[in-house]
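Here the structure comes first, spelled out in structure tokens, and everything after it is commentary.
Chains as they are written, first to last, in this note's numbering: chain W, 98 to 598; chain V, 2 to 118.
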């Protein structure tokens, strides 16, 4: 869903972006301008980097998936990060508020890591981690601030001298809460890291491709955060604490970029999917082309075979009879004077032979293309086939008017070949032919009550299947069981097939 | 003069007409064969003077059979015939050992006698 630039959510996101820029600028000025020794300009820059990158990436994710919690959570991480940096201010109230927000970014980050990428927590364990994160994040900072007086903290090196939120100055309470929560949080974070690693390993390849960068950055951040807690538990060790803390901050800053890298990798893998789809379509197209080429080759071969058979039939049939007749007539002519009676008998024989030759030629011509089909159409031609068939053929055809020539021919030869097969192979007592138009198609069916077992690969029928396929139709030979064979052809009556539009 | 004739052709109607024609013309038709294999046997058994041999046989080529039969010194004289024209048969007829070629409708006793003698 793409939002119109003026939609309410877009306006809210724009407002948040402006707020982020303003707050970032404010925090930068506060931190860079404070004379807190622990806040060199590096820290101010880091603050902007972490804050703005989380807010920017979060707003992008929010806009992209409006109902997903990932975007809002990232925005929260960004704002809370800038908020806790205010602890470096030399204005007491601002510094106290920043101090109170100290652990909020980690709490939001834990929530973010748990619900990434779906935006929803699943199961009690996940809800526990989230709940613990917020509890610890708020409790570890918001409660101590009520008991913390900077002036009485020997470790404190900042410039803030008072805490407006202070109720009672009790550093022991503060240290007690810190120590306890840190000691409890370290194993919880360790458990959380193990849980996230196992969950990440259970994801599939595509998920892993888009999520791995985020898991690494988030997991490393948690690990380094646990390390800072551990260093807090122990005694001060020179700048070791600072190294760990800065490392944690740097890794923290990579989380939004890891998120973006994941998106980029998803895009790339979507491109892979498109490429794979193209490969699949190419293969399908190639298969279809091969099928067409094969069927065209079979049609050409069938044409060749038909011509060879025709030559053979002419040569072996009518031509032999006519040659014999020529010899017999010549002989009869020679005998006419010496033996008129024998010559007369030979002429009678020749006459009969001539009738047979004529009948053979007629049969042959009908096989090439029946005149009744071109003159009077499919129904008449099929009726004439039925009349000549040596078994009763019942015809059920309602075909007013003429059909396109190629369709009539294909349908005729389907019926003719099917009936020939019935006579030759099926041992049937009767056959039935049904022809009807249905929804822009011609449906032809030839049924017999014979022994069945015919198949479409038989030479006569496969040639016909190609012929029907050339009209984008289908030929099907069924053996319904319980005897008999059904040959069905389904031919579209299209313009390309000679139909009038 | 060759008088004893064997007719080799796979069409019975033609064999019958040819037999009548040749017998009327003074030949003795000693046998008929309908393919190359039975033609070889008939030549061996009957030792005809001449063979009227169809070019196209179901189990082989009449021209090749003519070459094969005439390799032997005491072979019968052979007249090839076909319902096709000599043109259609190409150059295969040359040097096959046959005395000559007739299309089937040219067949007559005098024509066969002329080729055999």
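Each residue gets a CB set at the ideal place from its N, CA and C atoms; glycine is no exception.
The region 538-546 of chain W and the region 504-515 of chain W touch, with three or more beta-carbon pairs separated by less than 8 Å. No Cβ-Cβ contact shorter than 7 Å links residue 232 of chain W with residue 265 of chain W. For the region 440-461 of chain W, no residue has a beta-carbon sitting nearer than 7 Å to a beta-carbon of chain V.
Around the beta carbon of residue 55 of chain V, 16 or more other beta carbons sit within 10 angstroms, so the residue counts as buried. Against chain W, the beta carbon of residue 114 of chain V has no neighbour under 9 Å; the closest one sits roughly 15 Å away. Straight across, the Cα-Cα distance linking residue 412 of chain W with residue 459 of chain W is about 15 Å. Boundaries for residue 262 of chain W: no alpha helix (DSSP H) harbours it, and the DSSP string shows neither H nor E there. The Cβ-Cβ distance between residue 193 of chain W and residue 262 of chain W falls below 7 Å. Residues of chain W with a Cβ closer than 9 Å to the Cβ of residue 21 of chain V are, in chain order, 424, 425, 428, 443. The C-beta distance from residue 53 of chain V to residue 8 of chain V rounds to 5 Å, short enough to fall under 8 Å. Residue 210 of chain W is classed as buried because its beta carbon has at least 16 other beta carbons within 10 Å across all chains shown.
Selection W:384, W:461, W:579, W:389 evaluated against residue 407 of chain W yields W:461 as nearest (Cα-Cα). With a minimum length of 4 residues, the unbroken runs of alpha helix (DSSP H) contained wholly in the region 386-447 of chain W fall at 417-435.
For a Cβ distance threshold of 9 Å, residue set 11, 12 of chain V lies close to residue 413 of chain W, ordered along the chain. The C-beta distance from residue 90 of chain V to residue 84 of chain V rounds to 11 Å, too long to fall under 8 Å, and the pair is not in contact. Per the DSSP secondary-structure output, residue 69 of chain V pairs with nothing in a beta bridge.
Residue range 571-575 is occupied by the beta strand (DSSP E) that includes residue 575 of chain W. In the structure shown, residue 589 of chain W falls within a strand segment according to DSSP collapsed to helix, strand and coil.
Taking a beta-carbon distance threshold of 7 Å, residue 25 of chain V counts as an interface residue toward chain W. Residue 29 of chain V is bridged by DSSP to V:5. Comparing C-alpha distances from residue 545 of chain W to each of W:583, W:522, W:320, W:573 shows the shortest one belongs to W:583. The contact set of residue 15 of chain V on chain W, defined by CB atoms closer than 7 Å, consists of 417, 420, 421 in chain order.
For the options W:444, W:326, W:158, the alpha carbon positioned closest to that of residue 18 of chain V is the one of W:444. A Cβ-Cβ distance of about 5 Å is found for the pair residue 181 of chain W and residue 199 of chain W, placing them in contact under the 8 Å criterion. Neighbours of residue 431 of chain W in chain V, taken as residues whose beta carbon is under 7 Å from its own, are 25 in chain order.
In the three-state reduction of the DSSP assignment, residue 269 of chain W falls in the helix class, which pools H, G and I. Counting only Cβ-Cβ distances below 9 Å, residue 55 of chain V has no contacts in chain W at all, with the closest Cβ about 10 Å away.
For residue 34 of chain V, the secondary structure class from DSSP, reduced to helix, strand or coil, is strand. In this structure, the straight-line span from the alpha carbon of residue 431 of chain W to that of residue 425 of chain W is close to 10 Å. Nearest C-alpha to residue 107 of chain W among W:163, W:125, W:131: W:163. Here the region 110-123 of chain W makes no contact with the region 312-329 of chain W; the two share fewer than three CB pairs at distances below 8 Å. Between the alpha carbons of residue 105 of chain W and residue 114 of chain W lies a gap of roughly 14 Å. For residue 108 of chain V, the residues of chain W that pass the 7 Å Cβ criterion are 424, in the order they occur in the chain. Between the C-alpha atoms of residue 567 of chain W and residue 476 of chain W there is a straight-line separation of about 22 Å.
By the criterion of a C-beta distance shorter than 7 Å, residue 223 of chain W is surrounded in its chain by 211, once the five residues flanking it on both sides are discounted. Counting the other Cβ atoms within 10 Å of the Cβ of residue 479 of chain W gives 16 or more, which makes it buried.
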